[in-house]
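Below you'll find the structure, written out as structure tokens, and then a few comments.
Numbering (full-length UniProt numbering), first residue to last: 1 to 362.
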């Protein structure tokens with residue numbers, strides 16, 4: 001049945017198939033070509049299935065706005081230049097970052113098949129959602145994958161007064177024999193900026209020691225936040241700031257793009273000028289280093305020992321990815337939830353583009 005978007009319920013759920021259909025129709029209506037629409041829906045639905053709501057379905061309205069404004073090229077001609085046997089550069093032609101991400105990782109995997117590893121720098125791109133989607137794409141093909149991206153400044157330097165780095169994510173995925181992949185996807189800030197926006201939209205308070213007001217003092221009010229703290233908070237933020245810088249160098253310096261402090265803001269008023277975001281992707285063949293099969297056996301033993309470790313009362317020790325795969329199984333069964341803000345946003349999209357509204361699961 002069609003969703004009643006006047007409801008204040010947070011329990012409205014939809015199937016991933018219907019959500020994919022809706023996204024692809026909306027993106028096509030905004031002018032995106034089929035490859036771009038498929039890449040965006042693949043990434044956003046992947047993130048929402050895993051519970052990464054800040055980088056999932058809530059981003060669709062922004063991408064539609066960027067397409068309408070001309071900031072993002074709806075029909076890019078992405079060009080790959082293989083520089084050496086295991087390195088290359090992808091010019092994303094100012095297209096959607098999701099298509100750039102999946103395309104770059106495909107090239108990295110192709111090189112890794114021949115040389116044991118493949119590394120691709122991407123330039124002239126745009127926001128690509130959750131970095132874990134692209135590392136995961138490598139693991140799903142039996143390769144170790146890593147993904148990095150810069151962004152406009154949201155995060156303070158350690159002891160800095162204002163924002164300098166982006167949230168600059170690090171994603172790492174590895175194939176696990178007979179199981180879903182090991183998957184780490186983390187911002188180098190204490191939390192992602194999109195989570196501040198998400199919490200603000202639903203009137204939820206932030207945790208302490210993750211964000212700051214314009215005067216540099218910490219705040220739990222998402223409406224008052226001007227910047228994020230680097231991973232490690234006020235006392236140990238030098239660690240997160242250092243990792244953020246590492247990601248910046250890989251994403252912008254290697255790709256020849258300007259660094260994040262000089263990027264146009266993602267949510268700024270200019271939706272016509274391309275931003276020139278940079279990414280970096282790495283694929284490793286797990287059997288290209290030691291004896292064939294040793295990686296699979298070593299990872300299996302490591303994860304078995306990790307998960308057997310005693311936990312604190314009321315908790316459970318989990319490996320990176322375990323929580324996401326549990327959420328994915330639950331949401332594949334019960335549906336993907338839309339909070340009240342996204343219910344309203346998707347109703348407006350359906351009306352504006354004259355496409356069939358999402359249907360709520362009974």
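For each residue, glycine too, the CB sits at the ideal point set by N, CA and C.
Supposed close pair residue i, residue j - CB separation, criterion 8 Å
i	j	result
residue 134	residue 285	Not confirmed; about 17 Å, so no contact.
residue 127	residue 266	6 Å
residue 260	residue 151	6 Å
residue 145	residue 283	6 Å
residue 161	residue 208	Actually they do not touch by this definition, with Cβ atoms about 19 Å apart.
residue 238	residue 222	Going by Cβ atoms, the distance from residue 238 to residue 222 rounds to 25 Å, so no, they are not a contact pair.
residue 300	residue 177	6 Å
Own chain, CB closer than 8 Å to residue i, minus 5 neighbours either side, in chain order
i	result
residue 338	3, 12, 13, 14, 57, 346 and 358
residue 62	127, 266 and 267
residue 123	89, 90, 91, 92, 255, 256, 257, 276 and 278
residue 1	Unreliable positioning characterises residue 1 in this predicted model, as indicated by a pLDDT of 48, which lies under 50. The coordinate reading is nonetheless provided below. Cβ within range, chain order: 359, 360 and 362.
residue 7	Caution is warranted here: a pLDDT of 41 is assigned to residue 7, below 50, making its placement in the model unreliable, and no coordinate value can be reported.
residue 233	190, 209 and 210
residue 65	271
Distance CB(residue i)-CB(residue j) smaller than 8 Å
i	j	result
residue 340	residue 194	no
residue 183	residue 136	yes
residue 211	residue 231	no
residue 130	residue 75	no
residue 181	residue 321	yes
residue 306	residue 335	no
residue 20	residue 41	yes
residue 22	residue 355	yes
residue 39	residue 99	yes
residue 332	residue 79	no
residue 44	residue 60	yes
residue 168	residue 101	no
Buried/exposed call for residue i, threshold 16 Cβ in 10 Å
i	result
residue 324	buried
residue 328	buried
residue 154	buried
residue 188	buried
residue 366	The structure shown does not extend to residue 366, since the chain is modelled only from 1 through 362, so no value can be given for it.
residue 46	buried
residue 36	buried
residue 274	buried
residue 348	exposed
residue 5	A caution first: residue 5 carries a pLDDT of 41, below 50, which makes its placement in the model unreliable, though a value can still be read off. Buried is the call here.
residue 185	buried
residue 109	buried
residue 241	buried
residue 206	buried
residue 351	exposed
residue 310	exposed
residue 312	exposed
residue 370	Lying before the first or after the last residue shown, residue 370 is absent from the chain, which here runs from 1 to 362.
residue 203	exposed
residue 95	buried
residue 24	buried
residue 314	exposed
residue 9	Unreliable placement is indicated for residue 9, whose pLDDT of 46 sits below 50; the coordinate value is still reported in the next sentence. So residue 9 ends up on the exposed side.
Selection from the options that minimises the alpha carbon distance to residue i
i	options	result
residue 170	164, 190 and 18	190
residue 271	59, 71 and 209	71
residue 82	74, 98, 104 and 99	104
residue 86	293, 101, 117 and 196	117
residue 140	172, 168 and 344	172
residue 179	326, 269, 168 and 238	326
residue 295	202, 174 and 316	174
residue 115	18, 243, 201 and 287	287
residue 251	65, 31, 202 and 97	97
residue 218	159, 308 and 64	159
Residues of its chain near residue i, where Cβ-Cβ distance is below 7 Å and the 5 sequence neighbours each way are ignored
i	result
residue 254	121 and 280
residue 342	57 and 58
residue 33	74 and 75
residue 18	358 and 359
residue 31	67 and 74
residue 50	324, 327 and 328
residue 290	none
Spatial neighbours of residue i in its chain, beta-carbon cut-off 6 Å, leaving aside the 5 residues before and after
i	result
residue 164	153, 157 and 261
residue 226	213 and 214
residue 113	none
residue 303	319
residue 353	26 and 29
residue 111	86 and 118
residue 246	none
residue 236	none
Near the ligand FMN: residue i beta-carbon under 7 Å from a heavy atom
i	result
residue 173	Among the components of this structure there are no ligands whatsoever, and the ligand FMN is therefore not found.
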